Amino acid sequence: MRHKLGKATSQQEINVWRKAAKSCGMPIQIEIWERLKPYRMNAVISVYDPDLGDIWQKYQKTLIKTIYKRHI
């Protein structure tokens, strides 16, 4: 099951999402919808892990978002 975490509009934001997810040990999926200019884009960040239960995924989702906000 896939859970949407948030959006990114630049490569820098994507890197922060990656760093946050790596520190949690949770794999994330990044879908880049369109590239607007060099270094500008529209992307959706989501968590996909079919092995974990819903409560655990909610916890991980909140944790990744918290770490992401600290880095921004």
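If you're matching positions, the sequence shown starts at 534 in our numbering and goes up one per residue.
Ideal Cβ placement from N, Cα and C applies to all residues, glycine included.
Predicted, not measured: the structure shown is a model, and the values here were computed from it.
Below 8 Å on the Cβ atoms is my guess for residue i versus residue j; work out the distance and round it to an integer in Å.
i    : j    : result
Q562 : S579 : 5 Å
In whole angstroms, what separates the C-alpha of residue i from that of residue j?
i    : j    : result
P560 : N548 : 13 Å
R551 : R573 : 17 Å
Q593 : K602 : 14 Å
G558 : E546 : 18 Å
K537 : P571 : 25 Å
Per DSSP, what are the beta-bridge partners of residue i in this structure?
i    : result
K598 : Its beta-bridge partners do not exist; DSSP assigns none.
V577 : K540 and E564
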